[in-house]
Amino acid sequence: MKITLVKKILDDGSLCTKCRDVQEKLEGNDQLKFIDQTLIADVRDPQSPGMKIAQQYKVERAPFFVVENEGQKAEIFTVYFKFAKEVLQPLIQVEAS
C-alpha cells in the first residue's frame, strides 16, 4: 500500500487552513509515519506535483489522500476522518499486534 497526502498552497504562499488542521491531526495521532509521500498543490503553479495529481484524479478539495494498492484502482479520500477510519485504523491495529 502506498499513501500520498496532497496539501494545497494558497496564492499568498501559505498552507490552506484545512491542510494545517489535518497535518496537526496526523502528527498528534502519530499517523504521519503511514504517509509515504506528501505532494504540494501550489495554486500558483499548475504544473506542481500536487496540482497534476489533483487533475489526474479530478479532485478539487485539499487536502486529500491517494491510497494505492497493487493491482487495484487508487482510492481518493477528501475527508480526514473517513481516511483515518477506513485506512489508518486497520494499519494501527496491525502494528499493535
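Numbering (full-length UniProt numbering), first residue to last: 1 to 97.
Backbone N, C-alpha and C fix where the C-beta goes; we use that ideal spot for every residue, glycine too.
Taking a cut-off of 8 Å for Cβ pairs, the segment 47–65 and the segment 4–11 touch, as three or more such pairs fall below it. Short of 7 Å from the beta carbon of Leu39, and not among the five residues preceding or following it, lie these beta carbons of its own chain, in chain order: Thr4, Val6, Pro49, Gly50, Ile53. Val67 carries a strand assignment under DSSP once its states are collapsed to helix, strand and coil.
The shortest C-alpha to C-alpha distance from Gln37 to any of Ala84, Glu68, Gly28 is the one to Glu68. The shortest C-alpha to C-alpha distance from Tyr57 to any of Arg44, Asp45, Val43, Phe77 is the one to Phe77. The Cβ atoms of Gln31 and Ala84 lie closer than 8 Å to each other.
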